[in-house]
Amino acid sequence: MLSFYHIASLVAVAILAFEATQALPLSRRQATTLPEFYHPRSKSLPNAGANFMSASTPSTGPAYAKQYLMTTSGITKEELALTSSHTSLQTQHLYFNQMHDGIAIANAVSNMNLDAKTGAIVSIHSAFAPASTLRTASSPSKRDADKITPEQAVLMFAKAKGFVLTDNLKATHADKSWTISGASFARQPIIASEKYYQTQDGILVHTWDLQIRTVDDWLNVFVDSASGDVVGVSSWTYKYGHLPWFSISVPPVVPSASTTATSEDCDESTESNGYTPINVPAPSDETTSEEVTPDCNTVASIPASTTISASESIEVPPSTTAPETSSQNEPEPSPEQPATSTDQQPVPEPSPSAPSPPSDPTIKEATYDIVPIGVRNPSSNNGLTRVTSPWDTTASPKGWHNQQTLDLSGNNVFAQSNPNNVQEPEDLIRLPRLTDPNLSFAFAYDATKGAKYEPNANAATVNMFYVANSAHDVFYRYGFTEEAGNFQAENFGRGGSGGDAVIATSQDASGMNNANFMSPPDGQSGVMRMYVFDSAQPTRDGAFENDIVIHEMAHGLSTRLTGGPSNANCLNGGIPGGLGEGWSDTFAYILTMPVTQTRVQDYALGVWVVDSAKGVRQYPYSTDTSTNPHMYSKLAEMTQVHAVGEVWATMLYEVLWNMVDVSGFTAPSDIVRASNSGTGNTDLLLLLIAGLKAQPCSPTFVQARDAILEAETSLFNGKYKCAVWNGFAKRGLGSGVSDGASFSDNFEIPNGCTKTF
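Residues -23 to -1, 1 to 734 in mature numbering (1 follows the signal peptide of the UniProt record, and there is no 0) are what the sequence shown spells out, letter by letter.
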């Protein structure tokens, strides 16, 4: 017998379905808050598998490990799905999803790390739903009888968001997913699939898993298929940050290039000047200002059905042509293949079954005037520097350009300016891009002119293309390869899902004084948006501040590596989201730090765009606790992800200089080809990326620290053990910290290490 609540829910769905047949515009009611995506705490399972794994080998290790996971978790073979795996350096990484009645449980995942030489378990983490939770699920017959349609789930989400939605929705079914078109608040068709979802109170709910691109966000929404309630929302959009120490103007009203929309047609912007709180409901579209831009102010990613190939010609409108310049530098020679990995000095390399393709001698040279890696902005660089063909042929064997269009698009990045708010997915990748038959992209930068001065705007777009591609190549060399889920149009048969080059827009009209990166699962393009900053006069372009571009690209790195490339919900909000911000800041300062930097010098981010030596964070990164007082205990009073990120990046700043004291420093300009150099900063890059792969989904500070230490043991056999421990312990994350709800400082280090602070 149906309950009153269930009948009421079905009536509500029916009313919404009726409204959807009317061809009326979208309007907004009072916005409501929605529950954040819930991820249970991942537990480290006891590593009692030494004897169990004694007969395993690298080839049989995954099968033995899967059996071990089933034994320790009490689940059957049918209840365990391997979602992805790859081997990197000394470790084989495996990622699992728990199943129930043949359907994945969205937030019940596990990851295992095996010694690549012996097949033995190194570590194992699990957030699987216990038997008590599984018993709460409805039977398959009742589940299917009660189930609303995916279109109705979209309508229920719209109702929960405060929309009066009267669109005509159309769903098409293929394999195990549905594509829903016609929702006026979605900037591309909505992808729906069935998932189970474990709630915080231990109930297993059957849901519709919806991937929804709104005006300013990319959401993963879970709707109870029986009641229609939204039970969890994860945002795949990561912002550069709030600038709380500066006066930020309200973004101006900018008409859309393609469609003039009214405020009734659009979801209100959340490009706010605030952090995402740690313990708050999911992202809301409530406006933070009385001034609201009337158009939708959005960019669109490549639709899921669109596959980008770097080798295919994409029809684009007439482009702006770069002025002819003469090449002043000889092309850089192709790098040699990395040396054979050893225990002491491993080198990231593709899977043995997928060898690196040879570099193509027909690839044209390219010339750019830019701010090079290892420098921060045009001011610190005294203008722009001309470089020729700076790509790494191991990471980018076809270079950075589409050889048919000869513009700022290629296998890794599509770069274009979007000052008019192009919104449709197909239109975004067809925006005019700078092009030159000789691939010579040299525009003079005039510091006396504002960001929108055309030569400055063009130069900034070129710089964004250069830095984003450079980040791709550096990340690749240190372990973010195709198998690990990187962003590439073509994967050259080396694993992973292709068709997902980063779509990067400069001077995007969807906001100001910020930047963001949308990072969906592997196989869907990341979207990076750079904005104009007006803290300084004349205005400055965020695409010229290299640490901003690297920070955003690093969000794609950390979200793809944590929990495996098919799971984009592992660094969402709270402590995990703060850790993500901290990693992005860390990669930013490592790759922009001048060779003259020392441990006694402070380092602030975003100083140029906001025209202040203080930069965009509360404190500069420093090894001096009086200059930067962040400690682990500060987390107890923090409610914003960027503040949490500052604590993590401060700890890693301490670790960086401790490792540099041990092994020296490689100039950031040389880092892409220095993964086997054995210096402190390059070895830290190896540890960070290996740690991201090894840590559990939705990690704590302690789990993230332990993953780095696990990687140190695997890669360097204790060479940096004490340097790493001293860095964390100095900031309160010592060996005696309890990984619980409280954040109490502990300054202990393990036996065998001497305190250096």
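Note that beta-carbon positions come from the ideal geometry of N, C-alpha and C, so glycine has one too.
Residues near G717 in its chain [Cβ-Cβ closer than 8 Å; skip 5 each side]: Correct list: empty, nothing qualifies.
Touch test, the segment 480 to 491 against the segment 507 to 527, Cβ-Cβ under 8 Å, three pairs minimum: Yes, since at least three Cβ pairs between the segment 480 to 491 and the segment 507 to 527 fall closer than 8 Å, the two stretches touch.
Under the three-state DSSP convention, the category D524 falls into: helix
S721 versus Q75 - alpha carbon distance: 34 Å
Runs of beta strand (DSSP E) lying entirely within the segment 154 to 222, each at least 3 residues, in chain order: 154 to 158, 167 to 175, 181 to 190, 195 to 201, 207 to 212, 214 to 216
Of the residues S483, S357, G218, the one placed nearest H532, counting alpha carbons only: G218
Host alpha helix (DSSP H) of Y72 (start-end): No alpha helix (DSSP H) holds Y72; the beta strand (DSSP E) holding it covers 68 to 77.
CB of E460 within 8 Å of CB of V99, strictly: no
Pick from N468, N546, A436 that is closest to E13, judged by C-alpha positions: N546
Three-way DSSP call (helix, strand, coil) for R410 in this model: DSSP places R410 in coil when its eight states are reduced to three.
The beta strand (DSSP E) enclosing T362, as first and last residue numbers: 362 to 365
Neighbour-count burial assignment, S116, 16 or more Cβ in a 10 Å radius: With fewer than 16 Cβ atoms within 10 Å of its Cβ, S116 is classed as exposed.
Local Cβ density within 10 Å of D477, reported as buried at 16 or more and exposed below that: buried
Length of the line joining the Cα atoms of P673 and G557: The alpha-carbon atoms of P673 and G557 are separated by roughly 13 Å.
Range covered by the beta strand (DSSP E) that runs through H449: Following the DSSP letters along the chain, one finds H449 in no beta strand (DSSP E) but inside the alpha helix (DSSP H) bounded by residues 431 to 454.
Closest residue to D144 among S154, V131, W155 (Cα-Cα distance): Residue V131 is the option with its Cα nearest to D144.
C-beta contact flag for N468 and G462 at 8 Å: no
Straight-line Cα distance separating P355 from L612: 35 Å
Best match in T575, S366, D384 for proximity to G376 [C-alpha to C-alpha]: S366
C-beta contact flag for A581 and N635 at 8 Å: no
The segment 624 to 638 touching the segment 593 to 611, judged by at least three CB pairs closer than 8 Å: yes
Beta-carbon spacing of T60, Y41 below 8 Å: no
E13 (DSSP reduced to helix, strand or coil): strand
C-alpha distance - H528 paired with L663, whole-angstrom precision: A direct Cα-Cα distance of roughly 17 Å separates H528 from L663.
Inter-residue spacing [alpha-carbon to alpha-carbon] between Y455 and I666: 7 Å
Separation of P39 from D92, as counted between CA atoms: 11 Å
Candidates S691, S712, G729: closest to T68 by CA position: Here the closest residue by C-alpha is S691.
For L146, three-class secondary structure by DSSP: coil
Sufficient close CB pairs (3 or more, under 8 Å) joining the segment 412 to 426 to the segment 491 to 505: Touching, no.
Stretch pair the segment 195 to 212 + the segment 118 to 126: three plus CB contacts closer than 8 Å: yes
Cutoff 8 Å; reference M615; Cβ partners in own chain excluding five residues on either side: I255, G555, V621, V624
Residues that N88 bridges to, as DSSP identifies them: Y72, H102
Distance between D450 and G152 (C-alpha atoms, nearest Å): According to the sequence provided, residue 152 is Asp. The question's Gly does not apply to it. If you take the alpha carbons of D152 and D450, they lie about 35 Å apart.
Beta strand (DSSP E) segment containing D384, residue limits: Careful: D384 lies outside any beta strand (DSSP E) and carries neither H nor E.
Identified DSSP bridge partners for H378: H378 is not bridged by DSSP to any residue.
Proximity of I101 and L46 at Cβ, strictly below 8 Å: yes
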